[in-house]
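Residue numbers (the working numbering): 1 to 254. Ideal Cβ placement from N, Cα and C applies to all residues, glycine included. Below: one structure, written as structure tokens.
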């Protein structure tokens with residue numbers, strides 16, 4: 001196949017796994033802030049900055065997989081405006097498929113990061129470029145960090161009614177690879193881990209595997225107000241469960 005794929009954020013955790021999968025199938029242009037030295041086996045590294053994305057040549061590119069995202073304070077401008085510029089260049093170059101990684105619940109949960117992702121989704125949908133948006137539930141490493149935050153004090157205060165559905169990064173990479181090789185759906189696809197977890201129960205499992213012992217106080221979800229009710233309703237979960245990946249207790253054993 002001669003369909004060239006451009007991947008932004010290619011040296012991130014998800015990007016690296018996607019590169020390994022797609023590199024077996026297609027010639028790749030790998031874009032990241034940190035440009036790698038090695039260019040081989042149909043892979044070409046180019047330095048990429050979301051603040052100025054139009055410096056990247058798209059000659060021959062048929063598919064873009066957009067993974068790059070900013071963690072800076074001005075990330076709304078960088079992510080949204082940068083993606084708009086990237087989309088405009090893709091449209092001029094007649095790119096046939098724009099793939100974007102997003103988050104389950106992004107249109108229902110109003111944190112700053114989720115608002116950014118939601119706005120980027122909107123820009124893609126309005127761009128005129130055929131697209132597929134993959135919304136994933138939380139990755140296991142992020143979920144672990146969430147639990148660690150609650151356990152950092154001598155007494156663990158846990159709002160136990162919050163629901164999560166964590167997933168392996170490798171499973172999401174495989175789904176992205178499959179989407180990238182397929183025709184655009186011009187819509188949103190979701191993927192989630194094999195089980196829905198109550199935060200309190202998941203924290204107890206974590207403490208058991210890490211041999212941690214400390215008092216736990218269950219915080220009524222009502223004390224978190226609207227935010228608590230939203231999280232309790234399952235906005236961070238999906239019916240699209242992937243049964244191939246590890247469960248939480250299995251992932252902790254790795």
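- For residue 43, the uninterrupted beta strand (DSSP E) run begins and ends at 43-47, by DSSP.
- In its chain, beyond the 5 residues on either side, 202, 203, 206 have a beta carbon closer than 7 angstroms to the beta carbon of residue 147.
- Distance from residue 162 to residue 232 at the Cβ level is roughly 6 angstroms; contact confirmed, criterion being Cβ atoms closer than 8 angstroms.
- The Cβ atoms of residue 236 and residue 104 lie closer than 8 angstroms to each other.
- Under DSSP, residue 254 forms no beta bridge with any residue.
- Taking residue 240 as reference, the option from 178, 194, 119, 111 with the minimal CA-CA separation is 194.
- Annotated three-state conformation of residue 162 is coil, per DSSP.
- Collapsing the DSSP output to three states places residue 239 in coil.
- Between residue 12 and the set 144, 97, 91, 67, the nearest pair of CA atoms involves 67.
- In the DSSP assignment, residue 11 falls outside any beta strand (DSSP E) and carries neither an H nor an E.
- Out of 123, 45, 10, the CA that lies nearest to the CA of residue 85 is found in 123.
- For a cut-off of 8 angstroms, the C-beta gap from residue 166 to residue 197 is around 7 angstroms, short enough to register as a contact.
- Counting only runs of at least 4 residues, the segment 161-228 fully encloses the following alpha helix (DSSP H) elements, listed from N- to C-terminal order: 169-181, 199-209.
- Taken atom to atom, the span from the alpha-carbon of residue 144 to that of residue 253 is near 13 angstroms.
- A check of alpha carbon separations from residue 15 across 125, 191, 172 identifies 172 as the nearest.
- Residue pairing by DSSP puts residue 139 in a beta bridge opposite 167.
- A direct Cα-to-Cα measurement between residue 155 and residue 226 gives close to 25 angstroms.
- If you check the CB distance, residue 28 and residue 43 come in under 8 angstroms.
- Looking from the CA of residue 30, the closest CA among 17, 7, 49 belongs to 7.
- The beta carbon of residue 215 is closer than 6 angstroms to those of 155 in its chain, skipping five residues each way along the sequence.
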